[in-house]
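Shown next, in structure tokens, is the structure this report addresses.
Numbering (this note's numbering), first residue to last: 277 to 437.
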């Protein structure tokens with residue numbers, strides 16, 4: 277079984293692999309590519325050259341592994357091999373806050389340093405591309421008529437306000 281990796285941000289139309297093979301009797305050969313039942317066909321093979329080309333966008337978050345079968349035939353005999361393609365992650369997902377919308381009412385006698393809310397965001401990417409850093413913009417907003425005063429600060433590597 278052949279195995280290789282392909283990044284999910286590979287452009288459609290990219291040549292991924294070249295199949296090669298010959299017939300011992302010198303007859304012409306043709307290449308084929310089929311997929312496991314129920315699997316989308318993300319690539320195609322040129323039957324004469326053996327060039328495998330990406331024909332649909334990949335998305336690791338939807339399908340991280342593709343199982344396919346490559347074949348070579350001279351019209352009489354056919355050999356089939358399995359290939360396993362691992363779709364590697366690209367930092368293409370945006371973090372999403374959970375439990376939106378959120379509004380926090382804080383009692384005026386709340387002690388400084390108290391935790392008043394825990395924020396959570398999820399990024400479907402894996403590895404460093406999936407880590408989430410939280411920030412609040414540094415700004416001061418004072419609305420004299422409402423009695424509101426908002427002070428925003430940068431959070432350090434966490435999600436607790």
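C-beta atoms are modelled at their ideal positions from N, C-alpha and C, and glycine is treated no differently.
Going by DSSP, name the residue or residues bridged to residue i.
i: residue 354; result: 349
i: residue 325; result: Beta-bridge pairing links residue 325 to no other residue.
i: residue 307; result: 348
i: residue 343; result: 360
i: residue 397; result: 373
Taking 7 Å as the limit between beta carbons, can you name the residues of its chain near residue i, skipping five residues before and five after?
i: residue 285; result: 366 and 368
Determine the direct distance from the alpha carbon of residue j to that of residue i, and round the result to whole angstroms.
i: residue 433; j: residue 337; result: Per-residue confidence for residue 433 stands at a pLDDT of 45, beneath the threshold of 50, marking its modelled position as unreliable; the derived number appears in the next sentence. Looking at the two C-alpha atoms, the distance is approximately 25 Å.
i: residue 380; j: residue 295; result: 60 Å
i: residue 309; j: residue 341; result: 16 Å
i: residue 312; j: residue 344; result: 6 Å
i: residue 318; j: residue 410; result: 36 Å
i: residue 394; j: residue 376; result: 12 Å
i: residue 323; j: residue 353; result: 15 Å
i: residue 282; j: residue 408; result: 25 Å
i: residue 292; j: residue 329; result: 6 Å
i: residue 399; j: residue 335; result: 14 Å
i: residue 355; j: residue 307; result: 10 Å
i: residue 437; j: residue 382; result: Reliability fails at residue 437, whose pLDDT of 48 lies under 50, so the model's placement of it is uncertain and no value is given.
i: residue 348; j: residue 278; result: 15 Å
i: residue 401; j: residue 351; result: 45 Å
i: residue 327; j: residue 392; result: 58 Å
i: residue 301; j: residue 316; result: 36 Å
i: residue 406; j: residue 333; result: 20 Å
i: residue 280; j: residue 359; result: 8 Å
Could you check how far apart the C-beta atoms of residue i and residue j are, in whole angstroms? I think they sit under 8 Å.
i: residue 363; j: residue 331; result: That belief does not hold up - the Cβ atoms of residue 363 and residue 331 are roughly 15 Å apart, past 8 Å.
Who are the Cβ neighbours of residue i in its own chain at under 8 Å, not counting the five residues just before and after it?
i: residue 397; result: 371, 372, 373, 374, 408, 410 and 435
i: residue 298; result: 305
i: residue 357; result: 277, 278, 345, 346 and 347
i: residue 403; result: 365
Spatial neighbours of residue i within its chain, please: C-beta separation below 6 Å, excluding the five flanking residues on both sides.
i: residue 290; result: 330
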